[in-house]
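Quick notes on the structure that follows.
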Amino acid sequence: MPEVKPEPVTAPQTQSPEWNLSQLDLSGLSPELASQVSSILKESPTIPEELSEQEKQDQAIKDLETHTDEYHGKLPPLNLQTHMYASNPTHRWVKINGQELQEGSATDSGVKLMQIAPRYVVIEYQGEKLKLPALYDWAG
1 MPEVKPEPVT APQTQSPEWN LSQLDLSGLS PELASQVSSI LKESPTIPEE
51 LSEQEKQDQA IKDLETHTDE YHGKLPPLNL QTHMYASNPT HRWVKINGQE
101 LQEGSATDSG VKLMQIAPRY VVIEYQGEKL KLPALYDWAG
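Note that UniProt numbering gives residue 44 to position 44 of the sequence shown, counting from 1, and the numbers run on in steps of one.
Below, the structure is given as structure tokens:
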């Protein structure tokens, strides 16, 4: 019996890496599966090619725990003593260095509280945004 050697199959190279799911050929699938895939594709939201403004902002936020050396001696001491998160933003508050703050307010040392999330806060100091875990004690 002759030996059959498999030949490698390469995908055709296209100029554009875009996917157009609305033109996906489902003819090789069973009718039931094709119907399910088609219905899922119709219900799925389209994914934007560019990042939204919120995603760009989120990427600009540094995690203080992973950048401690960068901010040691620059960022003033912050003792997050109390962390109250609520679904209603007007009911959210934290106590930092003995001072009760809501989103948008600032400490006496110029640290602005940007966001209170369930497990962390986002602050802004000298134009840079930093993420700190709830009840974190930063010595400065």
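We put the beta carbon where it would ideally sit given N, CA and C, even for glycine.
Quantities reported herein were computed from a predicted structural model and do not represent experimental measurements.
For Tyr71, the enclosing alpha helix (DSSP H) covers residues 68–71. Per the DSSP secondary-structure output, Glu103 pairs with nothing in a beta bridge. Each of Val94, Lys62, Ala117, Glu43 was checked against the Cα of Gly127, and the nearest Cα belongs to Lys62.
In this structure, Arg119 keeps its C-beta atom at 8 Å or more from the C-beta atom of Glu103. Bounds of the alpha helix (DSSP H) holding Glu32 are 31–43.
Counting along the chain, the unbroken beta strand (DSSP E) around Tyr125 starts and ends at 120–125. Contact check between the region 82–100 and the region 67–74: fewer than three CB pairs, one atom from each, fall below 8 Å, which does not count as touching. The continuous beta strand (DSSP E) containing Lys112 extends over residues 112–116. With fewer than 16 other Cβ atoms inside 10 Å of its own Cβ, Lys42 counts as exposed.
Here the C-alpha atom of Glu124 lies approximately 6 Å from the C-alpha atom of Leu130.
Annotated three-state conformation of Pro133 is strand, per DSSP.
With at least 16 other beta carbons inside 10 angstroms of its own, Leu78 counts as buried. Apart from the 5 residues on each side of it in sequence, Glu100 sits with its Cβ closer than 6 Å to the Cβ of Trp93 in its chain, given in chain order. When rounded, the separation of the alpha-carbon atoms in Val122 and Ile40 is 36 Å.
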